[in-house]
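Participant: Remember, this note's numbering sits 46 above the position in the sequence shown when you count from 1.
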Amino acid sequence: MKTILLAGGYAKRLWPLTTDRPKSLLPIAGKPIIEYILDGMEHIGEIEEVFLSTNRKFETKFKDWLGSYQSSKEIRLVIEETRTEEDKLGSIRALNFLIAHHGLNEDLLIIGSDNLFDFDLKKLIAFYRAKKKTVVLLYDMKDKERVRRKYGVLEIDSDLKIINSEEKPENPRSTLISTACYIFTKEDLALIDDYLAAGNNPDAIGFFVSWLCKRSTLYGLIHSGLWFDIGSFDDYERANAVYGKKLKEQ
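(1) Could you tell me which residues DSSP puts in a beta bridge with residue 156?
(2) Hey, how far is the Cα of residue 292 from the Cα of residue 180?
(3) Can you give me the start and stop residues for the alpha helix (DSSP H) that residue 167 sits inside?
(4) Short check: CB of residue 212 to CB of residue 195, under 8 Å?
(5) Starting from residue 208, trace the beta strand (DSSP E) in both directions and tell me its first and last residue.
(6) Per DSSP, which one or two residues make a beta bridge with residue 95?
(7) Identify the residues that DSSP records as bridge partners of residue 77: which are they?
(8) What would DSSP say about residue 180, mapped onto helix, strand or coil?
(9) So, under 8 Å CB-CB, residue 99 and residue 60 are touching, yes? Tell me the CB distance rounded to an integer number of Å.
(10) In three-state DSSP terms, what is residue 251?
(11) Provide the residue span of the beta strand (DSSP E) that contains residue 269, from first to last.
(12) Please state whether the Cβ-Cβ distance between residue 229 and residue 153 is less than 8 Å.
(13) Compute the Euclidean distance between the alpha carbons of residue 139 and residue 248, then round it to the nearest angstrom.
(14) Just to confirm the assignment, what range does the alpha helix (DSSP H) spanning residue 238 have?
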């Protein structure tokens, strides 16, 4: 299975930390965020090739990092021709560009590269194999106020089928959120062209998931361990504290 790591954003909310450095290369307990994701794939034989999608501004930063990072997986850098927040492709357009450019016609594991979690991706792959449909890794925030206007919020039924999805709702109907970790079927990925042609939001993949829910069958698997979305200074400090403590306890 091929994997796509999305790292094309400019993380303005974390400036000046990310003015000249991509968010996924920020250190958490002394290790770049993206390395936690990639290290978590090392034991998964099904994953052989990883496409890392970023922008022209951060191309050199990622090339320098790749020069020192050791992985058993083939990691291929894919560059979007943008240099600013204002002209960025957005996650959905970037994904569509990568799929078309490399002629990918298969199911894909897709992860936001600023995701920090201790979930075993083997479980998500097994869940996808069982359902034979697009699957989304979910996390229960337990509190609707914590998710309001901040995350993609989803509802599932007793069979774990996703029955509703809203991106950053004002009045969330659930405390389950998307962790920006997905396995999309090739049939669902083929619908991105229709989604974009209709003038829909090209940025967060959660918007595509909400649109897709009305046209396809998706399932959600709930992760109950550690998960951080590094979207603010508070998130970054909390993640460093938690992972720093975890490292000391090992």
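For each residue, glycine too, the CB sits at the ideal point set by N, CA and C.
Facilitator: Considering the structure as presented:
(1) Sequence index remark: in the sequence shown, residue 156 carries index 110 (1-based). According to DSSP, which records beta bridges pairwise, residue 156 is partnered with 50, 228.
(2) Here residue 292 corresponds to residue number 246 of the sequence shown, with the count starting at 1. Here residue 180 corresponds to residue number 134 of the sequence shown, with the count starting at 1. Cα-Cα distance, rounded: 32 Å.
(3) By one-based count along the sequence shown, residue 167 stands at place 121. Its alpha helix (DSSP H) spans residues 167-177.
(4) For the purposes of this step, residue 212 is taken as residue 166 along the sequence shown, with counting starting at 1. For the purposes of this step, residue 195 is taken as residue 149 along the sequence shown, with counting starting at 1. No; because the gap between Cβ atoms is not below 8 Å, this pair is not in contact.
(5) Indexing the sequence shown from 1 puts residue 208 at position 162. Looking at the DSSP string, the run of the beta strand (DSSP E) that includes residue 208 is 208-213.
(6) The residue you call residue 95 lines up with position 49 of the sequence shown. For residue 95, which the question treats as bridged, DSSP gives the partners 48, 120.
(7) Along the sequence shown, one-based indexing puts residue 77 at 31. Paired residue(s): 74.
(8) Here residue 180 is taken as the residue at index 134 of the sequence shown, counted from 1. If DSSP states are grouped into helix, strand and coil, residue 180 belongs with the strands.
(9) Counted from its first residue, the sequence shown places residue 99 at position 53. Counted from its first residue, the sequence shown places residue 60 at position 14. Not quite, the Cβ-Cβ distance comes to about 19 Å (not below 8 Å), so this is no contact.
(10) Numbered from 1 along the sequence shown, position 205 holds the residue referred to as residue 251. It is helical.
(11) The sequence position of residue 269 within the sequence shown is 223, counting from 1. Where residue 269 is concerned, the enclosing beta strand (DSSP E) stretches over 264-269.
(12) On the sequence shown, residue 229 is found 183 positions in, with the first residue counted as 1. On the sequence shown, residue 153 is found 107 positions in, with the first residue counted as 1. Contact flag set, yes.
(13) For this step, residue 139 is matched to residue 93 along the sequence shown. For this step, residue 248 is matched to residue 202 along the sequence shown. Answer to the nearest angstrom: the Cα atoms are 6 Å apart.
(14) To locate residue 238, count along the sequence shown from 1; it is residue 192. Counting along the chain, the alpha helix (DSSP H) containing residue 238 begins and ends at 238-243.
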